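Asks: Here the sequence shown is numbered in the numbering used here, starting from 4 and rising by one per residue. Heads up, the beta-carbon is just placed ideally off N, CA and C, and yes, glycines get one too. None of the values given here were measured: they were computed from a predicted structure.
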Amino acid sequence: MSKQREATAEGVGKAFSDWLYHHEVSVPDTMGIALGEAFSRWLVANSDGLIAAIAEAVTPKAVLIVPPVSGPEA
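1. Along the chain, where does the alpha helix (DSSP H) that runs through ILE57 open and close?
2. In whole angstroms, give me the CA-to-CA distance for TRP45 and GLU27.
3. Suppose you measure from the CA of TRP22 to the CA of THR62; what does that come to, to the nearest Å?
4. With H, G and I counted as helix, E and B as strand and the rest as coil, what does DSSP make of SER20?
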């Protein structure tokens, strides 16, 4: 890595460190927001499949019961 690139990386790291020091940032809050957004995108991307799976799971399965034939038709 060149000296200029190292200096730039160090400067960016220090600037970010200073920003974090002066701004209240909570890792659990940040992770919660990121996970919530990712899950929302996943739900939107997979909504058709999820709706189909839910519909299949809650649809009662029809059973046709045919009584035995008795009498002269048998």
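Replies: This is what the structure gives:
1. Locating residue 57 in the sequence shown gives position 54, counting from the first residue. Note, ILE57: alpha helix (DSSP H), 50-61.
2. Looking up residue 45 in the sequence shown gives position 42. Looking up residue 27 in the sequence shown gives position 24. One C-alpha to the other measures close to 29 angstroms.
3. Residue mapping note: residue 22 aligns to position 19 of the sequence shown, counting from 1. Residue mapping note: residue 62 aligns to position 59 of the sequence shown, counting from 1. Cα to Cα, TRP22 sits roughly 54 angstroms from THR62.
4. Position 17 of the sequence shown holds residue 20. Looking at SER20 - three-state DSSP - the assignment turns out to be helix.
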